[in-house]
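A short worksheet on the structure shown next.
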């Protein structure tokens, strides 16, 4: 950066820049000095005072206060996953598109794609959803847990042998501290502040290894909320203060999981390496012992996907996702030399997981788009069938709604509107767009064109949009494609400035779909309705929320409110179906495509357990059940030199495949 | 038509075979690209239907119903041609040499994917990843790049020459202030500005206005380098006797600058021109390559290059086509520039300098 500025060839600007630079230098010197001169702060007293001040939330009791009639569970009846044959050791080589912007778990820039390697997929929580039984939990940091008869409180016995990667014990205090930490404004993470303030009502410490957690209302998936809690290392965050963002920027947070990052393994801009925690405390624990087999996982920074693929073909990278048809069929075809000679194996694995909601998100607050007939017309003018059949080569399926892949919660019969030029024209005509102009685009009596901007942040999928554009023109609809940088596109959508957005929400494994975020009027407008229920004429669009379609309908609101408050699974299912119907009627979402499997290519030395992966997994690396066979690696590399061939392996695992029309 | 000195220079340029030949070839390319709609298009050249003749190339679109088809959108003339030729009456369709538009996905098989050059399919240079004809995209892309760079050069020269000459001519405080302004201005990173400007452009801009906007942004940050040359040249000329003479005769400042000084610094201008054009073509190609150029599906050389590098092994014909076109264009322009420089070199005609 400084290099770039220090390039002045003209005396005039030099002096000006010099002043600026000097100013900048002295500033940064000051802050550094401040950091040094101030003794590292210690917030222990502050935390204690906070607990006292919020004594309703933070309770301290004795073991005697534990209810006696609890039924304890420990998930031990569940099948283990991974393979006992797994070989430990070796280094896995992988790549990242960008160097992680921080090693913090929260705060600005922390929610990047690297976080899964230091938090989501690696760290342990109290108990975790079993990858083959989405409603069952296997123990992580807990040994057993019990649910109160009111179903609002979960009692948890912690495993006393749990250790942080820096050797400290994991105790009940670290769980209490989580609430202090995530509610602190110092971490600059409003979502966490809100979630930890509103979604829980109490945490009680009975002794160092026994706690209970309470939630405000009973939900069918209450387990997920209480058992998925993870502790926060209190000793590490002693220095938490308003300089949190800078102070913790590059400090690896001690983990309960198997992999840590050593300071010497952070090579900024070039590579970052995870290495196995020495003598990891859970290495012999059921559900954990056959996983995290590689000793090290090294990520090199390769910015261009084409180059990543070249590295993979050279064997510099072990695994490569082959979800895109062009990779699966053309670039790494079955007759590709490395595949045919058995060096690289290819696998398709059918999974069950809520599907990302790819589709057109129509902003129904914009003029013209606020007419339902136009939105229905757009739905009929979007030729997803052609995209799926010809561009994705029939590999994908049509997404049904934004609530696809939730089992019983997904509407059993509702299907999206089909591409139909006549129907599209009919609906456009109902909205007043009856004549075509000289380019074939429909215009209304005010000579307004039926033309919208179609924004996306997915550069890689822009071809999908060009196909949609060509086809929509047949129905007299003009789409102007705008491909923005991912962040810019998201910003535009969050400010609700888009006409139509092509995007998807990534969805975690959850029991039931969420509607409030995307469809409730409080996320569309400030004061959408007046007291008498009529539309507020002065309502303002609400920015920075996920209601990207600006859906505001009192009936839908009422259903969402009931859905959120309901604790009865059957009622929630009925409501979810009714909501899907109402939203289908509103026609502000044109469902795109979904993929009911993942495909991956990997070198012969990467071995997978029997059955390859687990039912509810979205990628092969998520649970770290694979291992590196170093002998096979040596053998393969030698074979590549000598031309020796192995049996090719192209496998399909369809044990969890569902009938494509069954709805989930 | 020209004054004798200019005529001399032109004659000299014509004697330099390589440069003159390049100019002719480039002119042909320009003319061909101007008539691109008649050579590469999915609209027919002539349709004879029920006794009437249609020339759909440059007119409003014809819905399928005009030719007895059952749809109201733009006629698919290739299918119409096939249908009419089967019917054996005197209705017929004459298609252009390459019957594809640069944006339509036309797949010979069942999938949209790259396919190798094929005369049978009339995809003479093959298709890209979504089955669009590469020749069509190349021709229209070249046209945009060429006219973009010509427009760019014109604008940059207009601004750069005026301000540069004024700086050199008036000198003093005016020169000082403008020099400082230019120094500051040229330190603004151009690429970031393009990204920022394009992130705030309202979505309802159509492709043409976007191209013009891109042109304006590029001009806005490129005219400065031109002023340095103009300023020094004008300084030099200003002290010559003929300028003083013009002043004594009462010529206005603008007359002196544009009628007396400018013709004398023309050689610098003209020799720089090819480099500016090359720079513009490279810049727009690079911007497209990085994804900050023209909105898809506008055909562009940069986008083709990008596809080509991503599909180097599976579809080498993309990169070959795009790369050779780019090389051809840049080489032609460089040759012309070299010849121009030689022809306009003042040392040929003046004894001192």
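Chains as they are written, first to last, in my numbering: chain A, -11 to 652; chain B, 131 to 483.
Every residue, glycine too, gets a C-beta built ideally from N, C-alpha and C.
Just so we're clear, the structure is a prediction, and the values are computed from it rather than from any experiment.
Would you mind sorting residue i into buried or exposed? The rule is 16 or more other CB atoms within 10 Å of its CB.
i	result
residue 454(B)	exposed
residue 290(A)	buried
residue 179(A)	exposed
residue 241(A)	buried
residue 128(B)	Nothing in the structure corresponds to residue 128(B), since chain B is present only between 131 and 483.
residue 459(A)	buried
residue 55(A)	exposed
residue 80(A)	buried
residue 601(A)	buried
residue 188(B)	exposed
residue 341(A)	buried
I'd like to know whether the C-beta of residue i is nearer than 8 Å to at least one C-beta of chain B.
i	result
residue 378(A)	yes
residue 403(A)	no
residue 162(A)	no
residue 409(A)	yes
residue 78(A)	no
residue 445(A)	no
residue 10(A)	The predicted position of residue 10(A) is uncertain, since its pLDDT is 38 and thus under 50; no value can be drawn from it.
residue 356(A)	no
residue 518(A)	no
residue 142(A)	no
residue 294(A)	yes
Whole angstroms are fine: how far does the CA of residue j sit from the CA of residue i?
i	j	result
residue 369(A)	residue 460(B)	42 Å
residue 150(A)	residue 556(A)	36 Å
residue 282(B)	residue 353(B)	10 Å
residue 607(A)	residue 586(A)	6 Å
residue 197(B)	residue 179(B)	7 Å
residue 402(B)	residue 141(B)	20 Å
residue 46(A)	residue 36(A)	10 Å
residue 124(A)	residue 431(A)	56 Å
residue 434(A)	residue 441(A)	20 Å
residue 101(A)	residue 151(B)	55 Å
residue 539(A)	residue 471(A)	24 Å
residue 604(A)	residue 34(A)	42 Å
Nearest to residue i by alpha carbon, out of the options?
i	options	result
residue 361(B)	232(B), 337(B), 308(B)	308(B)
residue 277(B)	187(B), 328(B), 327(B), 162(B)	162(B)
residue 160(A)	173(A), 130(A), 181(A), 174(A)	130(A)
residue 430(B)	400(B), 258(B), 185(B), 254(B)	258(B)
residue 232(B)	266(B), 167(B), 255(B)	266(B)
residue 583(A)	494(A), 122(A), 47(A)	494(A)
residue 473(A)	326(B), 181(B), 416(B)	326(B)
residue 487(A)	466(A), 431(A), 504(A)	466(A)
residue 52(A)	193(A), 381(A), 236(A), 90(A)	193(A)
residue 465(B)	136(B), 135(B), 154(B)	154(B)
residue 158(A)	188(A), 243(A), 122(A)	243(A)
residue 316(A)	305(A), 332(A), 303(A)	332(A)
residue 248(A)	105(A), 176(A), 139(A)	105(A)
residue 406(A)	417(A), 559(A), 387(A)	387(A)
Does any C-beta atom of chain A lie closer than 8 Å to the C-beta of residue i?
i	result
residue 201(B)	yes
residue 443(B)	yes
residue 237(B)	yes
residue 233(B)	yes
residue 305(B)	no
residue 419(B)	no
residue 481(B)	Note that residue 481(B) has pLDDT 49, beneath the 50 cutoff, so the model's placement of it is unreliable and no number is given.
residue 217(B)	no
Stretch pair the region 233 to 242 of chain B + the region 370 to 382 of chain A: three plus CB contacts closer than 8 Å: yes
Sufficient close CB pairs (3 or more, under 8 Å) joining the region 343 to 358 of chain B to the region 279 to 294 of chain B: yes
Inter-stretch contact (C-beta, 8 Å, three-pair minimum) for the region 90 to 97 of chain A and the region 181 to 188 of chain A: no
Inter-stretch contact at 8 Å, needing at least 3 Cβ pairs: the region 392 to 406 of chain A / the region 555 to 572 of chain A: yes
The region 155 to 169 of chain A / the region 251 to 260 of chain A touching (three or more Cβ pairs under 8 Å): no
Given 8 Å, three or more beta-carbon pairs between the region 67 to 84 of chain A and the region 218 to 229 of chain A: no
Given 8 Å, three or more beta-carbon pairs between the region 612 to 623 of chain A and the region 593 to 602 of chain A: yes
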